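Worksheet for the structure shown next.
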Amino acid sequence: MAAHLLPICALFLTLLDMAQGFRGPLLPNRPFTTVWNANTQWCLERHGVDVDVSVFDVVANPGQTFRGP
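According to mature numbering (1 follows the signal peptide of the UniProt record, and there is no 0), the stretch in the sequence shown is residues -21 to -1, 1 to 48, in order.
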């Protein structure tokens, strides 16, 4: 009889665990953040194509330089 409650309890516990790990938005006043991890500066340098991602509210780094570890 209690077997039908098992999926509901599992879902509840999963959602509870997910909610406890939530930290909120990375940037203030921006509930959705787009991360663009492509070295698009080469598009302009090598092919003369400027990839303008500002229409998607993407914040790019100054000079479009690609820096990694």
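For every residue, glycine included, the Cβ atom is placed at its ideal position computed from N, Cα and C. Keep in mind that this is a model prediction, so the values were computed, not measured.
Assuming residue i contacts residue j (C-beta within less than 8 Å), just tell me the rounded distance between them.
i	j	result
VAL34	THR19	Contact doesn't hold; Cβ gap of about 14 Å is too wide.
Rounding to the nearest angstrom, what Cα-Cα distance links residue i and residue j in this structure?
i	j	result
VAL28	TRP21	9 Å
THR(-8)	LEU(-16)	12 Å
With a threshold of 8 Å between beta carbons, is residue i in contact with chain C?
i	result
LEU(-17)	Going by chain labels, chain C is absent from the structure shown, which holds only one protein chain.
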